[in-house]
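Notes to accompany the following structure.
Chains as they are written, first to last, in this note's numbering: chain A, 1 to 492; chain B, 1 to 214.
And the structure:
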């Protein structure tokens, strides 16, 4: 069993030796006798004990927030975190790597004032919008979610319906819709915990009665003696020995029962805490693709802008200087050597600047240091940081080139943030690659309080990470420490 | 000559000022965005304004739009649009308003200082100076494809050079024939395109440009 510990106490384990219960090699009798002592059986006991309080807490949390719409909506992120905790336990203890369900993006919501609310409502609905009609003394209209404003305006114009006013829908309504109607994964997580509670009770009961009860009855004569010969109404020592087979039976049957309970639970975990229906998965992929396309278009635009404003301008200036210098040299009149020297000197300076700019730009398109692998590239990056950075890498197999590039830029952006904003004296950069997942984490001892501000670097980074179905997590309490984690699929 | 420069890249702006000063011109204002350009022209009434296409505030075609405004409000101020790329649609708009005193050059052309300052003098005198790339863009975008197709290759070359704003003598030098041969080509072009005959260089160019731009 390989065990990779990463910062923050999270760990990823690859369990290779949990096959004894189903392995074909051992004889049936040996399997029955060995069952209680396999590592998997112990893992299942641990899982039953660990998930029991989680299930209790989750159901209690849901009960408290069920009172009305607002606490219910507000509980959605919490429910998602509980689901993540359940997946984490399943992965850590049982090696069941259930992928996280996609995050839900808020849908656009527009309030449209129009005299023909009914007509526009029909059109918007048939175009895939969710529509609510309204009419007040100041006019009538519809509220549409799921359609961009431009499309609504286009549809209205096509149908010749006048629009008097169009404004974004209330942010509260958007929030409630996102948290309750659209966040299907959170809703499934709620169902999971409701079903999990009886399973958790059963699991703990079986685990406790199977192991503790089995051991207790197997050693009953000793307990009986210790308890002043008065335990469970047993009258003498020989009678106390008659309970030994019960102990053996409990000990042997327990693991099988618990295995059944655990299997049922894992089915629920896969079915309710993973990325659900193909349709939802497809929608998430479509969003990811749209973001990827937008992202690459924006990057091309910014490269063009950099070329236009930087290198091209410098080369034009260079050509001007050289043109002027050439004319001076070709002139019939005596050559003003000082002037020509100055022009050539300026031209030379322009050329050097253009070269430096091009180098920076090329590095922005694809960092050449990545050719030797991510570990080397990150070490180079850390060495350039003004804040001392400790680098920890465990990257066996190389992720795909696109993922390496995004991981590299993530690390670069995060280290830049550390140097610019955190006031940290020390930072750690970790990159760990386990099958299917590359995790990059930057930790610093700075002042904390980092968050993904609109148009900020972290927001942009989160967007970019999402284009490959990855995610970015920020933990940055005031006073620090700041931990930013980027998780990327190995191949995209 | 009194000149206003509007160019957002500081290195190019400084370079232009240096070249023009070297040739004894007076740069009365050098600004970095479209709004300051309008104010500078209104304030200084220069002979020529050199206008970059992509400038703040929008970084799209702010310069060209400002140039069109200037053309309308100050028809006596020559305009040289100075860009890193060719935008045929706006070039055609600008020429349609009145091609006299207008130029459109790619920034690369500034490397040939003599030719560049020549172009500015031509514009100040009410002539035209179009980049060969702008001309070929206009020729390609022209709606008179069938009429243009009737021209021979040599006539096509002559038309392009004429559209750039060059005189008969300059055209003759470029394609290494006599001025008389050029005149003959030009009269052929005019009859093939159905344009009224005209002697003056300048009026001829205007005819060609308005023909291409419509």
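For each residue, glycine too, the CB sits at the ideal point set by N, CA and C. All figures in this text were calculated on a predicted structure; none of them were measured in a lab.
Candidates the options, of which the one nearest residue i by Cα
i                      : options                       : result
residue 395 of chain A : A:182, A:163, A:308 and A:407 : A:407
residue 471 of chain A : A:73, A:352 and A:462         : A:462
residue 49 of chain B  : B:38, B:173, B:55 and B:188   : B:38
residue 194 of chain A : A:54, A:142, A:116 and A:356  : A:54
residue 47 of chain A  : A:201, A:414 and A:81         : A:201
residue 349 of chain A : A:385, A:382, A:376 and A:311 : A:311
residue 156 of chain A : A:113, A:169 and A:187        : A:113
residue 297 of chain A : A:151, A:467 and A:76         : A:467
residue 77 of chain B  : B:1, B:171 and B:59           : B:1
residue 327 of chain A : A:93, A:317 and A:343         : A:343
residue 137 of chain B : B:195, B:55, B:88 and B:204   : B:88
residue 153 of chain A : A:124, A:355, A:173 and A:169 : A:124
residue 35 of chain B  : B:16, B:20, B:19 and B:57     : B:57
residue 481 of chain A : A:424, A:371, A:489 and A:429 : A:424
residue 447 of chain A : A:419, A:431 and A:435        : A:419
residue 166 of chain B : B:103, B:145 and B:108        : B:103
residue 7 of chain B   : B:107, B:72 and B:97          : B:107
residue 337 of chain A : A:347, A:325 and A:317        : A:325
residue 242 of chain A : A:220, A:128, A:256 and A:230 : A:220
residue 151 of chain A : A:383, A:138, A:166 and A:137 : A:166
residue 386 of chain A : A:368, A:416 and A:129        : A:416
residue 251 of chain A : A:479, A:38 and A:455         : A:38
residue 98 of chain B  : B:59, B:73, B:194 and B:146   : B:73
Residue i: contacting residues in chain B (beta-carbon distance under 9 Å)
i                      : result
residue 345 of chain A : The premise fails here: residue 345 of chain A is roughly 13 Å from chain B at the closest Cβ pair, so nothing lies under 9 Å.
residue 316 of chain A : 9, 11, 12, 15, 84, 107, 108, 110 and 111
residue 312 of chain A : 9, 84 and 107
Neighbouring residues, chain B, relative to residue i (Cβ below 8 Å)
i                      : result
residue 319 of chain A : 108, 110 and 111
residue 350 of chain A : 11
residue 308 of chain A : 54 and 84
Residue j beta carbon less than 9 Å from that of residue i
i                      : j                      : result
residue 214 of chain A : residue 249 of chain A : yes
residue 206 of chain A : residue 254 of chain A : yes
residue 174 of chain B : residue 113 of chain B : no
residue 288 of chain A : residue 469 of chain A : yes
residue 79 of chain B  : residue 92 of chain B  : no
residue 391 of chain A : residue 441 of chain A : no
residue 399 of chain A : residue 427 of chain A : no
residue 163 of chain A : residue 120 of chain A : yes
residue 223 of chain A : residue 45 of chain A  : no
residue 30 of chain B  : residue 51 of chain B  : no
residue 374 of chain A : residue 413 of chain A : no
residue 492 of chain A : residue 474 of chain A : no
residue 135 of chain B : residue 163 of chain B : yes
residue 269 of chain A : residue 80 of chain A  : no
residue 273 of chain A : residue 189 of chain A : yes
residue 108 of chain A : residue 145 of chain A : yes
residue 351 of chain A : residue 318 of chain A : yes
residue 58 of chain A  : residue 94 of chain A  : no
residue 96 of chain B  : residue 131 of chain B : no
residue 493 of chain A : residue 379 of chain A : Nothing about residue 493 of chain A can be read from this structure; chain A reaches only from 1 to 492.
For residue i: DSSP bridge partner residues
i                      : result
residue 441 of chain A : A:430 and A:485
residue 382 of chain A : For residue 382 of chain A, which the question treats as bridged, DSSP gives no partner whatsoever.
residue 166 of chain A : A:112
residue 205 of chain A : According to DSSP, which records beta bridges pairwise, residue 205 of chain A is partnered with nothing at all.
residue 2 of chain B   : B:26
residue 80 of chain B  : B:50 and B:103
residue 136 of chain A : A:139
residue 371 of chain A : Bridge partners of residue 371 of chain A: none, in fact.
residue 129 of chain B : B:103
residue 474 of chain A : A:484
residue 130 of chain A : A:145
residue 391 of chain A : A:429
Chain A contact residues for residue i, given Cβ-Cβ distances below 9 Å
i                      : result
residue 120 of chain B : Result: empty, since nearest Cβ-Cβ is about 14 Å, beyond 9 Å.
Contact list for residue i against chain A, beta-carbon separation under 7 Å
i                      : result
residue 19 of chain B  : 320 and 324
residue 114 of chain B : 327
Heavy atom of the ligand ADP within 8 Å of residue i beta-carbon
i                      : result
residue 197 of chain A : Only the bare structure without any ligand can be found here, which leaves the ligand ADP out of the picture.
Subject >> Cβ-based contacts, 8 Å cut-off: residues of the stretch 80 to 110 of chain B near chain A >> reply: Under the 8 Å Cβ criterion, the stretch 80 to 110 of chain B contributes 84, 107, 108 and 110.
Original post:
What residues from the stretch 21 to 38 of chain B come within 7 Å of chain A, judged by C-beta to C-beta, listed N to C?
Top reply: 22
Original post:
What residues from the stretch 174 to 197 of chain B come within 7 Å of chain C, judged by C-beta to C-beta, listed N to C?
Top reply: The displayed structure is made up of protein chains A and B, and chain C is not among them.
Subject >> Residues of the stretch 146 to 159 of chain B with Cβ closer than 8 Å to any Cβ of chain A, in chain order >> reply: none
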